[in-house]
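Data block below; observations after.
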Amino acid sequence: MSQKKALWNTEIVAQAVVDSFRKLDPRGMVKNPVMFVVEIGSVLTSALLIDNGIHQRSGFAFNLQITLWLWFTVLFANFAEAMAEGRGKAQADTLRKAKGETIAKRYTVSGGFEEVPSGQLRAGDLIYVEAGMHIAGDGEVVEGVASVDESAITGESAPVIREAGGDRSAVTGGTKVLSDWIKVRITSNPGETFLDRMIALVEGAQRQKTPNEIALSILLSGLTIIFLLAVVTLQPFAIYAHAPQSVFVLVSLLVCLIPTTIGGLLSAIGIAGMDRLVQYNVLAMSGRAVEAAGDVNTLLLDKTGTITLGNRQATEFLPAPDVSHERLANAAQLASLSDETPEGRSIVVLAKEKYNLRGRDLAGIHAEFVPFTAQTRMSGVNLPGTRIRKGSADAIARFLEEQSSILPQKIREYVEEIARSGGTPLVVAENSSALGVIYLKDIVKGGLKDRLARLRAMGIRTIMITGDNPLTAAVIAREAGVDDFLAEAKPKDKMDLIRREQGKGKLVAMTGDGTNDAPALAQADVGVAMNSGTQAAKEAGNMVDLDSNPTKLIEIVEIGKQLLMTRGALTTFSIANDVAKYFAIIPAMFLGVFPVLGAVNIMRLHSPESAILSAVIFNALIIVALIPLALKGVKYEPKAADVLLRQNLLLYGVGGIIIPFIGIKAIDLCLVALHMA
């Protein structure tokens with residue numbers, strides 16, 4: 051899934067060429083009014099061309115070229131859409147292989163098993179899956195724990211743990227259990243599974259037009275109707291002026307006037323936007339969600355796992371007076387060797403990296419490890435004649451009191467200083483002496499501050515959500531560079547925050563993976579659920595991140611904005627490039643009757659025939675030239691909306707006027723050189 055297809059993949063291009071002809075079916079073309087009008091014009095000129103050939107009328111070569119290029123215009127538009135769909139179909143083929151038809155062990159009423167094909171499973175069925183078996187359908191683990199290979203879905207080769215309860219209970223049909231066993235309750239019926247939805251969406255089979263796309267389609271249809279009426283009513287005036295025009299010329303004028311460029315690329319832009327999300331292993335349930343991501347004003351980010359690495363790490367050893375750093379590091383490492391928590395492992399690593407403490411002979415020193423308990427709130431190790439403990443300041447203070455000793459004032463100062471900075475202090479003691487403090491802190495992910503600054507440049511406000519106390523939250527928020535934070539947050543607090551932001555007219559995006567996140571995910575305009583999370587969270591969100599990477603919300607917003615920018619840029623270009631065609635075709639049609647129109651022929655085109663033909667050829671070729679831009683998207687830059695608007699108007703508006711003048715003149719010169727006009 052995560053493997054990106056080359057833009058001009060040979061297999062995709064070959065299939066797109068075939069699909070371009072299949073899409074000529076009027077029942078499909080009518081969904082795109084602009085190109086449907088071009089197809090009707092192509093059919094009309096084709097019929098007249100056959101009649102001209104039969105009756106051997108003059109101008110056959112010119113009419114043939116016009117007709118062919120009109121058909122090319124339709125085919126190139128179909129090719130753009132087929133290319134966008136082809137990239138999705140290639141991904142869908144991979145998913146179909148993962149889906150397959152598997153045999154499931156379904157529990158019977160008597161408690162035994164029966165083997166049934168996955169297609170016969172229904173929501174509510176219980177199945178048993180053990181090592182080496184594929185999970186036959188979407189569901190939730192209700193018993194057991196197992197290592198699962200989800201590479202067919204996510205593209206990530208590392209296995210993941212799925213277990214009953216908690217936020218990592220959801221499993222996807224088509225994935226494979228690598229170890230142990232699980233009991234799974236099926237949550238979807240055939241044809242409604244996660245893979246089925248993914249296949250339909252990436253293929254574009256169920257892609258519905260978004261509100262912005264519908265609005266733009268209405269605008270393009272309106273312009274098409276206006277120009278159609280203008281061209282139809284032009285002939286009576288032309289006859290009155292003794293300059294009647296052939297149907298070939300009138301159809302050419304119509305096709306060049308209506309916004310064929312954006313009409314031919316509009317569908318491809320929408321499909322490609324969805325495809326870019328899929329390349330990032332994100333499944334959008336609708337194009338509306340992608341567009342909403344592009345309009346997001348407020349971004350809610352969980353602290354743990356999104357802003358920070360997810361576990362507090364040891365960053366410094368602070369020794370008591372008259373205690374060396376090496377002695378404190380040695381004792382802290384000994385007390386942490388059996389501690390398998392991320393915090394414990396980070397203490398061992400810090401001692402190795404800073405003081406080269408490694409290669410312990412535990413058997414030789416007769417170490418007896420003391421595990422952490424909720425009662426003592428300490429862990430440590432007993433050596434012959436020595437007891438080493440590490441834990442909270444209160445717990446170590448009690449440990450020292452039992453030995454008629456106290457926590458030194460300097461240690462208390464360290465503890466208070468670390469707490470004020472938002473960190474976690476762990477005190478280390480050896481027998482009746484406190485050796486010092488280990489500074490544990492949340493590590494903000496590298497480069498996150500710069501990424502959040504990019505969002506701020508776009509006018510997006512970021513809010514960190516955390517269960518920490520306000521003091522700790524303020525420190526992390528300042529270090530990460532978020533605009534605001536919500537401390538000691540409960541599920542209801544998230545909902546209230548989203549509603550307050552929406553009440554101000556803002557669009558809100560957030561991520562979540564647990565059942566308790568489901569209400570907030572449903573309330574948010576863009577709710578990104580983690581694939582590793584619960585079924586409730588995945589159903590509540592309108593996007594699912596297959597990699598379960600909460601920071602990907604930033605990329606989702608950028609892709610959404612890129613989609614809107616691409617559509618706006620190409621619409622601007624399409625409308626602007628019609629200007630040059632006016633200067634080519636109008637003088638060509640009436641120059642013989644109204645010589646004054648020669649002043650408008652600023653391109654000095656060779657003849658009326660070459661002028662009309664050049665405009666029609668350019669109109670077709672520009673669609674092909676813009677296909678890569680439609681598929682890849684306009685280059686995204688984190689700038690304010692007004693800056694981007696001015697930039698796009700200059701680049702695609704002014705550029706859209708200048709490029710056709712150059713292109714049409716170049717085609718005219720080629721036609722003359724080749725004696726084709």
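Position 170 of the sequence shown, counting from 1, maps to 220 under my numbering, and the rest follow consecutively. We treat Cβ as the ideally placed atom computed from N, Cα and C, and that holds for glycine. These numbers come from a predicted model, not from an experiment.
Supposed close pair residue i, residue j - CB separation, criterion 8 Å
i: Leu-603; j: Ala-559; result: 6 Å
i: Met-335; j: Asn-592; result: 5 Å
i: Phe-129; j: Glu-659; result: Wrong, their Cβ atoms sit about 27 Å apart, outside the cutoff.
Rounded C-alpha distance that separates residue i from residue j
i: Asp-188; j: Val-594; result: 14 Å
i: Val-124; j: Gly-272; result: 19 Å
i: Val-191; j: Asn-599; result: 21 Å
i: Leu-94; j: Leu-676; result: 27 Å
i: Ser-657; j: Leu-663; result: 10 Å
i: Lys-155; j: Ala-173; result: 15 Å
i: Leu-307; j: Gln-115; result: 19 Å
i: Ala-590; j: Val-578; result: 9 Å
i: Gln-53; j: Arg-326; result: In this predicted model, Gln-53 has a pLDDT of only 40, less than 50, meaning its place in the structure is not dependable; the value taken from the coordinates is given anyway. Spanning the two alpha carbons is a distance of roughly 11 Å.
i: Asp-546; j: Ile-513; result: 13 Å
i: Gly-509; j: Leu-502; result: 11 Å
i: Leu-228; j: Ala-318; result: 40 Å
i: Val-465; j: Gly-472; result: 11 Å
i: Pro-369; j: Asn-361; result: 23 Å
i: Val-84; j: Leu-269; result: 10 Å
i: Lys-81; j: Pro-294; result: 33 Å
i: Val-281; j: Leu-300; result: 7 Å
i: Asp-389; j: Lys-139; result: 48 Å
i: Ile-625; j: Ile-707; result: 9 Å
Beta-ladder partner(s) of residue i, from DSSP
i: Glu-193; result: Lys-233
i: Thr-50; result: Residue 50 is absent from the structure shown; the chain starts at 51 and stops at 727.
i: Ser-483; result: Glu-480
i: Val-210; result: Val-198
i: Ala-579; result: Gly-562, Val-594
i: Gly-441; result: Met-428, Val-477
i: Met-514; result: Leu-351, Phe-535
i: Tyr-632; result: According to DSSP, Tyr-632 bridges with nothing at all.
i: Ala-220; result: Glu-190
i: Phe-419; result: Val-431
i: Lys-544; result: DSSP, once it has assigned bridges, lists no residue as partnering Lys-544.
i: Gln-285; result: Bridge partners of Gln-285: none, in fact.
i: Tyr-489; result: Glu-366, Pro-475
Test item: CB-CB of residue i and residue j under 9 Å
i: Glu-213; j: Gly-182; result: no
i: Val-373; j: Leu-521; result: no
i: Phe-277; j: Leu-304; result: yes
i: Asp-492; j: Thr-601; result: no
i: Lys-715; j: Asn-669; result: no
i: Thr-260; j: Val-340; result: yes
i: Gly-435; j: Val-420; result: no
i: Ile-415; j: Leu-433; result: yes
i: Val-487; j: Val-477; result: yes
i: Leu-536; j: Thr-348; result: no
i: Thr-274; j: Ile-673; result: no
i: Thr-158; j: Ile-185; result: no
i: Lys-353; j: Thr-516; result: yes
i: Ala-342; j: Asp-575; result: yes
i: Glu-610; j: Asp-444; result: In the sequence as presented, Glu is not what sits at residue 610; that position holds Gly. It is not a contact, given that the beta carbons lie outside the stated cut-off.
i: Gly-313; j: Ala-127; result: yes
i: Phe-623; j: Gly-713; result: no
i: Pro-678; j: Asn-627; result: no
i: Leu-407; j: Ala-379; result: yes
i: Gly-583; j: Ala-220; result: yes
i: Ala-570; j: Leu-384; result: no
Buried or exposed (CB count within 10 angstroms, at least 16 for buried), residue i
i: Ile-717; result: buried
i: Val-725; result: At residue 725 the sequence reads His, which differs from the Val that was named. Flag for His-725 reads exposed.
i: Ala-331; result: One point to set straight first is that residue 331 is Asn, not Ala, in the sequence displayed. Asn-331 should be labelled buried.
i: Val-105; result: For clarity, residue 105 is His in the given sequence; the question names Val instead. Answer is exposed; the Cβ neighbour count stays below 16.
i: Ser-92; result: buried
i: Lys-540; result: exposed
i: Pro-16; result: The question about residue 16 has no answer, for the chain in this structure spans 51 to 727.
i: Gly-441; result: buried
i: Ala-479; result: buried
i: Trp-58; result: exposed
i: Lys-685; result: exposed
i: Ile-289; result: exposed
i: Ile-496; result: The amino acid at residue 496 is misidentified as Ile; the sequence shows Gly. Classification for Gly-496: exposed.
Closer than 8 Å: residue i CB and nearest the ligand NAP heavy atom
i: Ser-454; result: Summarising the ligand content, the structure contains no ligands, and the ligand NAP is consequently not present.
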